[in-house]
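Participant:
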Amino acid sequence: MATRTAAAPPSALPPLNKRLAEQGVTPRLLLLLPAVVFALGLFVYPFLYGLGLSFTTDGGSLWSNYREFFSDPYLRGTIWLTVRLAVPAVLIILVAATPLALAMRGAGRGKQTITVILLFPITIGTVLLSDGLLDFLGAAGWVNRFLLDTGLIDQPLQLIHNYWGVMFAIIITDFPFVFLLLLSYASGIDPAYERAAAVFGASARQRFLRVTLPLFAPGLATTASLAFVLAFGTFPSALLVGEPAGSTRTMGVAAYSEAFQQFDYPMASTVAMLMAGVELLVIVIILGLRSRLVPTLSSGRKG
Amino acid sequence: MHSTGGSERSAAEVANKLAGAAPTDSPNADKPDDGARQFEALRLDGVTRAFGATDALRDFNITIRGGEFVAFLGPSGSGKSTALNCLAGLLPLTAGEIWLDDRRIDTLPPERRGFAMVFQNYALFPHLDVRRNVGFGLRMRKVPKQEMKRRVDEALTLVRLAHKADSHPAQLSGGEQQRVAIARAVVCEPPLVLMDEPLSNLDAKLRLEMRTEIRRLHQDLGLTTVYVTHDQHEALSLADRIVILRNGVVEQEGTPSEVYIEPQTDFVAGFLGYRNALTGNVVESHGRQTTVAVGDLRLVGTCPEVMPVGDAVVRIRPDDLMVCDGDDAGPNRIPLLVKVVEYGGREFVVEGVTPAGQRLYFMASQAPRLGDSVIVAVDPENVRVFSPTEDGG
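Written as structure tokens, this is what we have:
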């Protein structure tokens with residue numbers, strides 16, 4: 010660059026298309042066009058439309074929908090009800106999937122089989138899964154009959170149409186996503202680091218805490234964020250195996266009933282916007298926790 | 011990257027301090043034994059490691075004395091890295107025992123052996139800076155903070171990287187990463203340092219510099235070292251003793267000059283610079299002097315022990331073949347047709363073929379023309395005759 014400008018007189022700039030190409034602007038960028046149109050039409054426009062709708066009120070101030078949401082305990086309470094479901098569900102899934110993912114990296118043929126088995130719940134779909142759970146966990150379902158027959162309980166356990174039914178549904182549907190994501194992150198950690206740590210005197214526990222976990226943390230945080238968004242948006246299972254009028258009245262259910270039962274679209278949009286807000290907040294907390302717990306990771310910095 | 015005289019001197023001073031430092035008392039008996047720096051002998055007794063049906067290492071016996079620098083030399087698949095990993099505890103043995111003086115260590119997990127290792131790809135922890143990488147072993151050994159800082163600083167000075175203490179591995183060049191890996195190993199003052207082809211990822215110039223650096227560190231610190239390599243030059247220049255492995259079995263063992271001057275097998279000779287191999291038949295053998303028929307040629311050479319009449323391989327170093335005038339009579343005159351001439355700096359490397367079509371490489375101070383006929387001569391002392399290697403490996 011420097012040598013060329015030195016050789017050429019300062020007035021004779023290279024043609025515009027060459028200068029643009031040096032900045033990475035080439036006709037090839039046009040290939041992005043379909044994706045941009047898609048994103049604008051299916052994401053940005055509906056989002057902005059909903060945002061605008063949430064500020065639309067008949068006569069009241071700009072924030073009156075939000076004020077109404079927070080002043081109505083029935084609506085306000087949905088935030089807590091949803092968080093109460095999503096956070097424990099994500100934690101349970103992460104605790105179950107992390108050791109499995111770490112143990113399975115490098116496993117050759119078994120890896121594929123288990124992956125396929127775990128993909129099954131994804132392919133089933135929420136409605137069919139909820140239907141199955143109703144049979145399986147219901148008062149006359151296998152679980153209760155087994156527990157009654159073995160004499161472990163006297164009365165059937167109430168496992169559906171409440172908090173637990175939705176919890177089971179979330180865990181079953183989200184686990185495969187989480188596991189597959191974690192597995193790909195875990196496979197990216199070179200086992201040489203753990204071997205080096207072992208040679209230098211680190212016990213299995215120290216190896217996990219000082220080497221594996223810090224290297225795994227970025228993947229864990231990303232996965233946790235995605236899993237939380239998935240669990241937070243829980244809607245079909247909250248309706249089908251939950252108690253949509255009470256303990257599992259999630260924000261998704263609230264938005265649905267505002268829109269299609271009360272026909273209050275502005276309030277439904279408000280609930281949706283608040284959902285997005287809470288999700289964003291939790292993601293920020295997760296990422297903050299990860300940089301707080303593992304402060305020295307700086308894979309981005311390069312010399 | 012090279013240092014001034016000042017830092018050279020300080021590095022040497024630090025080395026003396028490190029070497030002279032009294033071994034610290036281990037505060038925790040369960041932790042790796044930081045005090046066991048010196049030992050009499052490390053004994054590998056019939057160490058065998060199988061992968062499936064194949065033995066990667068078979069009945070490996072060797073005794074390493076404290077302070078010694080031993081190189082395991084061999085091509086890939088020879089079992090040298092397997093032997094190293096068995097020593098480190100990263101591979102369990104299929105059979106055999108490892109003894110450190112009167113303590114059996116092959117049953118201990120790697121973290122209880124108290125060794126240190128330099129890995130081929132360095133394996134520096136990417137999430138830790140240079141200081142924490144080097145201090146990792148000390149931290150695991152629960153060395154007090156003050157002492158840890160002092161020793162890490164000393165080790166970094168020793169490898170001339172004190173100014174990079176706060177960098178992360180990704181910010182360092184290959185050579186710097188290698189020096190961090192070495193500092194991480196020596197800072198623990200371990201009884202045994204294991205090095206797994208540590209120079210194989212460096213370019214030629216850096217490899218030469220680091221080779222000298224490793225030798226200097228070993229002379230200064232006196233740490234017992236086992237060094238795995240496939241590079242004969244590294245093994246010859248660094249080691250006090252070389253163990254040459256082939257297909258999981260020890261082929262020859264000895265000091266660098268022993269194995270270089272007196273290779274015992276065709277394989278060892280081929281690995282240590284006897285580039286020329288001619289196949290022929292033993293026609294006569296008196297003591298160690300043997301006459302071999304190679305096509306129409308008669309070559310007089312030396313063999314490790316009396317050879318029976320039969321198949322033989324003749325090994326000659328390119329440097330030992332001298333171009334001579336045609337009428338100069340004497341033994342071991344080989345007529346050659348010049349096929350390829352390479353410029354080799356001081357001399358030319360010439361490839362020629364014998365009348366029987368066998369290839370020979372020799373050195374010439376003046377470049378012969380392609381297609382020329384030349385006659386080369388070689389001293390019978392420098393013609394080595396061996397039984398053929400059983401298999402191609």
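The listed protein sequences derive, respectively, from chains V and A.
Position one of the first sequence corresponds to residue 10 (our numbering), numbered consecutively onward.
Position one of the second sequence corresponds to residue 11 (our numbering), numbered consecutively onward.
The beta carbon of each residue, even a glycine, is placed where N, CA and C say it ideally should be.
Once DSSP output is grouped into helix, strand and coil, what is the label at Lys-41/A?
Facilitator: Within the second sequence, the letter at position 31 stands for residue 41/A. The pLDDT assigned to Lys-41/A is 41, lower than 50, so where the model puts this residue is not dependable, and the model offers no usable value.
Participant: Whether or not the region 239–248 of chain V and the region 125–140 of chain V are in contact is what I'm after, with contact meaning three or more pairs of Cβ atoms, one per stretch, closer than 8 Å; do they touch?
Facilitator: In short, these stretches touch, since the Cβ pair count reaches three.
Participant: State whether the region 201–213 of chain A contacts the region 163–176 of chain A, with contact taken as three or more CB pairs (one from each stretch) at a distance under 8 Å.
Facilitator: Contact fails: fewer than three Cβ-Cβ distances are below 8 Å.
Participant: Of all Cβ atoms in chain V, is any one closer than 8 Å to the Cβ of His-137/A?
Facilitator: By one-based count along the second sequence, residue 137/A stands at place 127. It does; some Cβ of chain V falls within 8 Å.
Participant: Just checking: is the beta-carbon of Gly-124/A within a distance shorter than 8 Å of some beta-carbon in chain C?
Facilitator: The chain labelled as chain C is not found among the protein chains of the depicted structure, namely V and A.
Participant: Leaving out the 5 sequence neighbours to the left and right, which residues in its chain are closer than 6 Å to Gly-217/A when beta-carbon positions are compared?
Facilitator: Locating residue 217/A in the second sequence gives position 207, where the first residue counts as 1. For the sequence presented, residue 217/A should be read as Arg rather than Gly. Here the set comprises Leu-209.
Participant: Which runs of the alpha helix (DSSP H), 4 residues or longer, sit entirely within the region 214–268 of chain V?
Facilitator: Counting whole runs of 4 or more residues, the region 214–268 of chain V contains the alpha helix (DSSP H) stretches 222–241 and 245–249.
Participant: If you scan the region 67–148 of chain V from start to end, which runs of the alpha helix (DSSP H) of 4 or more residues do you find wholly inside it?
Facilitator: Correct list: 73–80, 82–113, 118–133 and 135–146.
Participant: Pairs of beta-carbons, one from the region 302–319 of chain A and one from the region 355–368 of chain A, closer than 8 Å: are there three or more?
Facilitator: These segments touch.
Participant: Tell me, to the nearest whole angstrom, how far the beta carbon of Thr-232/V is from that of Leu-191/V; I am working on the premise that it is less than 8 Å.
Facilitator: On the first sequence, residue 232/V is found 223 positions in, with the first residue counted as 1. On the first sequence, residue 191/V is found 182 positions in, with the first residue counted as 1. Confirmed, about 6 Å.
Participant: Could you tell me the boundaries of the beta strand (DSSP E) in which Arg-161/A lies?
Facilitator: By 1-based counting over the second sequence, the position of residue 161/A is 151. Arg-161/A -> not in any beta strand (DSSP E); alpha helix (DSSP H) instead, spanning 155–168.
Participant: Assuming Glu-107/A is part of the beta strand (DSSP E), what are its boundary residues?
Facilitator: Here the question's residue 107/A lines up with position 97 in the second sequence. Unbroken beta strand (DSSP E) run through Glu-107/A: 105–110.
Participant: Using a 10 Å radius around the Cβ and a threshold of 16 neighbouring Cβ atoms, would you call His-243/A buried or exposed?
Facilitator: Taking the first residue of the second sequence as 1, we reach residue 243/A at position 233. Exposed.
Participant: Considering Tyr-202/V, what are the terminal residues of the alpha helix (DSSP H) in which it resides?
Facilitator: Translated into positions along the first sequence, residue 202/V becomes position 193. First-last of the alpha helix (DSSP H) with Tyr-202/V: 200–208.
Participant: Give me the Cα-Cα distance between Thr-92/A and Phe-82/A, rounded to the nearest whole angstrom.
Facilitator: As a position in the second sequence, residue 92/A is number 82, starting the count at 1. As a position in the second sequence, residue 82/A is number 72, starting the count at 1. Going by the C-alpha atoms only, they are around 10 Å apart.
Participant: Please tell me whether Gly-99/A and Pro-85/A are closer than 8 Å, where the distance is taken between their beta carbons.
Facilitator: On the second sequence, residue 99/A is found 89 positions in, with the first residue counted as 1. On the second sequence, residue 85/A is found 75 positions in, with the first residue counted as 1. It is not a contact, given that the beta carbons lie outside the stated cut-off.
Participant: Taking C-beta pairs closer than 9 Å, name the residues in chain A that Phe-217/V reaches, listed in chain order.
Facilitator: On the first sequence, residue 217/V is found 208 positions in, with the first residue counted as 1. In chain order: nothing, as chain A lies at least about 13 Å away.
Participant: Return helix, strand or coil for Cys-96/A, following the three-state DSSP convention.
Facilitator: Here residue 96/A refers to the residue found at position 86 when the second sequence is read from its first residue. Three-state DSSP puts Cys-96/A in a helix.
Participant: Does chain A have any CB closer than 8 Å to the CB of Gly-312/V?
Facilitator: For the purposes of this step, residue 312/V is identified with residue 303 of the first sequence, where counting begins at 1. With a pLDDT of only 34 at Gly-312/V, under 50, the local geometry of the prediction cannot be trusted, and the value read off the model is given with reservation. So, interface residue.
Participant: Count the other CB atoms within 10 Å of the CB of Leu-40/V; is the residue buried (16 or more) or exposed (fewer)?
Facilitator: Stepping through the first sequence from its first residue, residue 40/V is reached at position 31. With fewer than 16 other Cβ atoms within 10 Å, it is exposed.
Participant: Would you mind sorting Ala-178/V into buried or exposed? The rule is 16 or more other CB atoms within 10 Å of its CB.
Facilitator: Translated into positions along the first sequence, residue 178/V becomes position 169. Buried, since its Cβ has 16 or more Cβ neighbours within 10 Å.
Participant: Considering only DSSP beta bridges, list what Ser-383/A is partnered with.
Facilitator: Residue numbering aside, residue 383/A sits at position 373 when the second sequence is read from its first letter. Paired residue(s): Leu-347/A.
Participant: Please list the residues of the region 78–110 of chain A that have a C-beta atom closer than 8 Å to any C-beta atom in chain V, keeping them in chain order.
Facilitator: Taking 8 Å as the Cβ-Cβ cut-off against chain V, the residues of the region 78–110 of chain A that qualify are Ala-98, Gly-99 and Leu-100.
Participant: Of all the options Val-236/A, Glu-391/A and Val-319/A, which has the alpha carbon lying nearest to the alpha carbon of Ala-51/A?
Facilitator: In the second sequence, residue 51/A corresponds to position 41, counting from 1. Selected option, being the one with the closest Cα: Val-236/A.
Participant: Per DSSP, what kind of secondary structure is Met-284/V in: helix, strand or coil?
Facilitator: Reading the first sequence from its first residue, position 275 is the one you call residue 284/V. In this structure, Met-284/V counts as helix in the three-state DSSP scheme.
Participant: Label Ser-88/A either buried or exposed according to how many other C-beta atoms from any shown protein chain fall within 10 Å of its C-beta, with 16 as the threshold for buried.
Facilitator: As a working note, residue 88/A is residue 78 in the second sequence. Result: buried.
Participant: Could you spell out where the alpha helix (DSSP H) holding His-228/A opens and where it closes?
Facilitator: Residue 228/A sits at position 218 when you count from the first residue of the second sequence. Note, His-228/A: alpha helix (DSSP H), 214–231.
Participant: List, in chain order, every chain V residue whose beta-carbon is nearer than 7 Å to that of Pro-120/A.
Facilitator: Counted from its first residue, the second sequence places residue 120/A at position 110. The contacting residues are Ala-207 and Val-208.
Participant: Just checking: is the beta-carbon of Phe-396/A within a distance shorter than 8 Å of some beta-carbon in chain V?
Facilitator: Locating residue 396/A in the second sequence gives position 386, counting from the first residue. Taking Cβ atoms only, chain V never reaches closer than 8 Å to Phe-396/A, which makes this a no.
Participant: Identify the contact partners of Met-127/A in chain V, using a Cβ-Cβ distance below 9 Å as the criterion.
Facilitator: Residue mapping note: residue 127/A aligns to position 117 of the second sequence, counting from 1. Correct list: Arg-204, Ala-205, Val-208 and Phe-209.
Participant: Closer than 7 Å by beta-carbon distance: list the chain A residues that pair up with Val-220/V, in chain order.
Facilitator: The residue given as residue 220/V occupies position 211 in the first sequence. Residues of chain A passing the Cβ test: Phe-135.
Participant: Beta-carbon of Gly-147/A versus every beta-carbon of chain V: anything under 8 Å?
Facilitator: Looking up residue 147/A in the second sequence gives position 137. Yes, because at least one Cβ of chain V sits closer than 8 Å to the Cβ of Gly-147/A.
Participant: Going by alpha carbons, who is nearest to Phe-129/A out of Gln-188/A, Arg-113/A and Met-158/A?
Facilitator: As a working mapping, residue 129/A is identified with position 119 in the second sequence. Looking at the Cα atoms, Gln-188/A is the closest of the given residues.
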